[in-house]
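Q: The structure is given below, and queries will be raised subsequently.
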Amino acid sequence: LTDTDAEINIVKDNFKNLRNILNDLKIEKVDGILFDLGVSSHQIDTAERGFSYINDGALDMRMDKEQKLSAYDVVNKYDEEDLERIFYEYGEERWGKRVAEFICDFRKKAPIKTTGELVNIIDRAIPKEVRKNTEGHSAKRIFQAVRIEVNDELNILEQSFKTAAEFLNSGGRLAVITFHSLEDRVCKNTFKELATDCLCPKDIPVCVCNHKKSVKIIGKPIRPGDREINVNSRAKSAILRVAEKLR
-1 LTDTDAEINI
9 VKDNFKNLRN
19 ILNDLKIEKV
29 DGILFDLGVS
39 SHQIDTAERG
49 FSYINDGALD
59 MRMDKEQKLS
69 AYDVVNKYDE
79 EDLERIFYEY
89 GEERWGKRVA
99 EFICDFRKKA
109 PIKTTGELVN
119 IIDRAIPKEV
129 RKNTEGHSAK
139 RIFQAVRIEV
149 NDELNILEQS
159 FKTAAEFLNS
169 GGRLAVITFH
179 SLEDRVCKNT
189 FKELATDCLC
199 PKDIPVCVCN
209 HKKSVKIIGK
219 PIRPGDREIN
229 VNSRAKSAIL
239 RVAEKLR
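The working numbering puts the first residue of the sequence shown at -1, with every later residue one more than the last.
Set out below in structure tokens:
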């Protein structure tokens, strides 16, 4: 950055506060906004942050270490029904009910304090034959679900994308990189809504919502090629979607 004359402002905050951030910086319009929704490699590789199911560390998973709710709280304090719900909704884990049961049984004896302990419980809950035939680590979906719950990731996305679109100049572009199907679904549906003139139910003959499309979707979703995946295997699940502001 030392070789550029551009003004750089680094702000530590949440996507949901985008409007306030831009207002505080006295920015009225921008030409482009990029959302990179992935957990950073630094966070994953730093065991004590608690994101990794490979390296043992404290159950944390907070993007912002100043927030109160952590993975420890979710795993040790949520009841079995709530654990089952988030494993299904946020992890799409079909063995979520059994994992929730095993977690609740284990924590009766002692709190679950580390990622390694949680991985061991997951491995016990999911049958060996299933784990052998599962692509990727058997704990991946459960860890994803807990992380999403801790950081309220999905609930902030739709409004954040809509706010970003508001601040774009005509012809400006909104780009979003997602890393799993749940957040990609939110992006796809939000872009579709922003690019649609009427949102009324089909059985209403005349539009009463007065919704006007504000963006057009640019091209098809872009996925990484083999070359990029070979250089960075964590990019394998990435999908890039782009929309352009109309007015």
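Even glycine gets a Cβ: it sits at the ideal position worked out from N, Cα and C.
Distance check for Arg60 and Leu67, CA to CA, integer angstroms please.
A: Roughly 8 Å separates the two Cα atoms.
Q: Starting from the C-beta of Ser235, find all residues in its chain whose C-beta is less than 7 Å away, skip the five residues before and the five after it, and write them out in chain order.
A: Excluding positions up to five away in sequence, the list reads Phe177, His178.
Q: Out of Gly170, Ile220, Leu192, point me to the one whose CA is closest to Lys243's CA.
A: Of the candidates Gly170, Ile220, Leu192, the one whose C-alpha sits nearest the C-alpha of Lys243 is Gly170.
Q: Considering only C-alpha positions, which residue in the set Ser212, Phe159, Phe189, Asn208 is nearest to Asn12?
A: Minimum Cα distance to Asn12 is reached at Phe159.
Q: Report the three-state DSSP secondary structure of Glu246 (helix, strand or coil).
A: The structure shown does not extend to residue 246, since the chain is modelled only from -1 through 245, so no value can be given for it.
Q: Could you give the distance in angstroms between the alpha-carbon of Arg232 and the alpha-carbon of Ala56?
A: Cα-Cα distance, rounded: 22 Å.
Q: Leaving out five residues on either side along the sequence, give the residues of the same chain with a beta carbon under 7 Å from the beta carbon of Phe104.
A: Once the five neighbours on either side are set aside, the close Cβ partners of Phe104 are Ile110, Ile119.
Q: Determine, using beta carbons only, whether Gln41 and Phe33 come nearer to each other than 8 Å.
A: No, Cβ-Cβ distance for Gln41 and Phe33 is not below 8 Å.
Q: Identify every residue that forms a DSSP beta bridge with Ile237.
A: Ile237 is bridged to Thr176.
Q: Run through the DSSP bridge pairs and tell me what Ala56 is partnered with.
A: Its beta-bridge partners are Thr112.
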